[in-house]
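Numbering (the numbering used here), first residue to last: 45 to 221.
Just so you know, even glycine gets a beta-carbon here, dropped at the ideal spot from N, CA and C.
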Ligand SMILES: [Zn+2]
């Protein structure tokens, strides 16, 4: 699972979904989670640097700055086993506009669970952002964080990443239509 987090971090950078060490990924691991560390560029990230936390966020201070979002999603959605937070450009346009991602393309419903809401604004890294993200996510598979980025969830990293790809393509279509 640690190697899969590294591999999907590299996919985030390669796909232009983040730059530098931005964004973060996690997978559920027993009663806790494994999450990428803070401020380590993905091309330098080693599997041993992946951090283990409990669902309250305790375990290692080098945890990602958005650990609270990941923990809150796992606590509220028992079926979710992977969470990806990214900063993709077109979804960020919607995030800045405060514009819901509409189901303009057929794939948005089946892949994302319906139109994707923009969560209420809260500062990066805050407990308020975790609560806003969970509320905005509801029972769907993605949420846009106002003035910030995206969160997608899945049964594994592959699914959460695919949902990120579909979200960003649909956002691009919506912005360019
Ligand atoms: Zn972020």
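Coarse secondary structure for residue i, derived from DSSP in three states
i: residue 73; result: strand
i: residue 180; result: helix
i: residue 66; result: coil
i: residue 168; result: coil
i: residue 88; result: coil
i: residue 60; result: coil
i: residue 99; result: coil
i: residue 55; result: helix
i: residue 46; result: helix
i: residue 5; result: Outside the displayed span of the chain (45 to 221) sits residue 5, for which this structure offers no information.
i: residue 221; result: coil
Bridge-paired residues (DSSP) for residue i
i: residue 81; result: 107
i: residue 186; result: 196
i: residue 94; result: Its beta-bridge partners do not exist; DSSP assigns none.
Beta-carbon contacts of residue i that lie in its chain and below 6 Å, excluding the five residues immediately before and after
i: residue 94; result: 46, 49, 78
i: residue 104; result: 95
i: residue 223; result: The requested residue 223 does not occur in the structure, where the chain is confined to residues 45 to 221.
i: residue 143; result: none
Close Cβ partners of residue i (< 7 Å) along its chain, the five nearest in sequence each way excluded
i: residue 205; result: 52, 55, 128
i: residue 200; result: 125, 126
i: residue 106; result: 81, 82, 95
Cβ neighbours of residue i in the same chain (closer than 8 Å, five flanking residues each side left out)
i: residue 168; result: 109, 110, 192
i: residue 131; result: 61, 62, 63, 66, 67, 192, 193, 194
**OP:** Give, in chain order, every unbroken run of the alpha helix (DSSP H) that is at least 4 residues long and sits entirely within the segment 101 to 165.
**Re:** 111 to 120, 133 to 141, 152 to 156
Subject >> ligand 1 site residues, beta-carbon cut 7 Å against heavy atoms >> reply: Here the residues close to ligand 1, judged by CB distance below 7 Å to any of its heavy atoms, are 66, 67, 110, 129, 131, 168, 192, 193 in chain order.
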